[in-house]
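Novice: Can you keep this structure in mind? I'll have questions shortly.
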Amino acid sequence: MPPTAPPERHSSPTAPAQQHLMDLLVHEIKTPLTVIALGSKALAQAATPAQSTVWQQRLQQAVADIVDTLDTCNQVSRFESGTLLPESRQFAPESLLSPLLASLSDATQTPATRIAVHYDQPQDAHLPWTGNTAYLHIILNNLLGNALKYAPPESPIALQIGRLQWVDQPAQLQWAVRSTIGPAGVPDAALVFERHYRAPAASRFSGTGLGLWLSQQLALAMGSRIQMGQEGGQLVFWFTLTEGLAATR
21 MPPTAPPERH
31 SSPTAPAQQH
41 LMDLLVHEIK
51 TPLTVIALGS
61 KALAQAATPA
71 QSTVWQQRLQ
81 QAVADIVDTL
91 DTCNQVSRFE
101 SGTLLPESRQ
111 FAPESLLSPL
121 LASLSDATQT
131 PATRIAVHYD
141 QPQDAHLPWT
151 GNTAYLHIIL
161 NNLLGNALKY
171 APPESPIALQ
181 IGRLQWVDQP
191 AQLQWAVRST
201 IGPAGVPDAA
211 LVFERHYRAP
221 AASRFSGTGL
231 GLWLSQQLAL
241 AMGSRIQMGQ
251 EGGQLVFWFT
261 LTEGLAATR
């Protein structure tokens, strides 16, 4: 009796994408791990407090880079597998932003005051709104995180929020992140939201090229679209949420 043939294996259509994601994850983590290994030795041999401080900062940044890479790859994997589910609930912009800004400040080792939040009207900070808070959190975290990473060190970042209302039209809430153009320059407007795109001058910064792609996919799922432009030496990313669309998806 001939031996039984092994069962045929059918690869998932998403297998190549998942393998690419894993390869990217391994590649992006190797560099900060090397920094951590070198830094551990350097700290043990540091001759002055100044040298110790420099290496401590580099180690903190390496850890932050690893966490950022893991978070982004995990979010992309969950989005593509359908497990990154929207969380539609009522919120006020200020209550949504407070924990997000505190988390960003800790992760990037920057003062919380570097990001200035501006509301078109004071009452907009407490405006009751219904939307997908999980998606919105990821989008704002990516836009603000990129601004902190690529803008000149210590330069201010602005987040502007305003309610838009027209007669016989659903209310809208606009979010705009403004930052000074840094040494990485301006991304290609035609490619900036493409998967894995990174500006040539941005290669010295850690990154997966997935954050803006994922953010755009989430914005589209909420019936919106992130746009990019320049205003007086600043890079601006903005999007507008329509209450009804944001609440129903």
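Residue numbers (this note's numbering): 21 to 269.
Glycine included, C-beta positions come from ideal geometry on N, C-alpha and C.
Since the model is a prediction, treat every value here as computed from it, not as a measurement.
Is there contact here, the segment 167–181 with the segment 232–246, by at least three beta-carbon pairs under 8 angstroms?
Specialist: no
Novice: Among THR150, GLU251 and LEU232, whose alpha-carbon lies nearest the alpha-carbon of LEU160?
Specialist: Of THR150, GLU251 and LEU232, the residue nearest in Cα terms is LEU232.
Novice: Taking DSSP's pairing of strands, which residues face ALA8 in a bridge?
Specialist: This structure leaves residue 8 out entirely; the chain is present only between 21 and 269.
Novice: Determine the direct distance from the alpha carbon of LEU184 to that of GLN250, and round the result to whole angstroms.
Specialist: Here the alpha carbon of GLN250 sits roughly 22 angstroms from the alpha carbon of LEU184.
Novice: Spatial neighbours of ASP208 within its chain, please: C-beta separation below 8 angstroms, excluding the five flanking residues on both sides.
Specialist: Once the five neighbours on either side are set aside, the close Cβ partners of ASP208 are TYR217 and ALA219.
Novice: Classify TRP149 as helix, strand or coil using the three-state DSSP reduction.
Specialist: strand
Novice: Would you list the one or two residues that DSSP bridges to ARG245?
Specialist: ARG245 is not bridged to any residue.
Novice: Would you give the residue range spanned by the alpha helix (DSSP H) that THR103 belongs to?
Specialist: THR103 -> no alpha helix (DSSP H), and no H or E assigned at all.
Novice: Taking the alpha-carbon of LEU211 as reference, which of GLY182, GLN247, ALA196 and ILE177 has the nearest alpha-carbon?
Specialist: GLN247
Novice: Between which two residues does the alpha helix (DSSP H) holding ALA122 run?
Specialist: 113–128
Novice: When you compare only the Cα positions, how much space is there between LEU193 and LEU156?
Specialist: 12 angstroms
Novice: For ARG269, name the three-state secondary structure that DSSP assigns.
Specialist: Because ARG269 carries a pLDDT of 47, less than 50, the predicted location of this residue cannot be relied on, and the following value inherits that uncertainty. In the structure shown, ARG269 sits in coil (DSSP, three-state: anything other than H, G, I, E or B).
Novice: Contact check, ALA122 vs ALA132 under 8 angstroms by CB: the rounded distance?
Specialist: Your pair ALA122 and ALA132 checks out as a contact, with CB atoms roughly 6 angstroms apart and the cut at 8 angstroms.
Novice: May I have the straight-line CA-CA distance separating PRO27 from ARG98, to the nearest angstrom?
Specialist: Because PRO27 sits at a pLDDT of 45, beneath the cut-off of 50, its placement in the model cannot be relied upon, and the following sentence gives the value as read from the coordinates. About 29 angstroms.
Novice: Which same chain residues, not among the five before or five after HIS30, have their C-beta less than 8 angstroms away from its C-beta?
Specialist: In this prediction, HIS30 scores a pLDDT of 39, lower than 50, which makes its location untrustworthy; the coordinate-derived value is nonetheless stated afterwards. Contacts found: none.
Novice: Going by C-alpha distance, which of GLY182, TRP75 and GLN71 is nearest LEU58?
Specialist: TRP75
Novice: How far does the beta strand (DSSP E) with PHE225 in it reach, from first residue to last?
Specialist: It is not in any beta strand (DSSP E) - PHE225 carries neither H nor E in the DSSP assignment.
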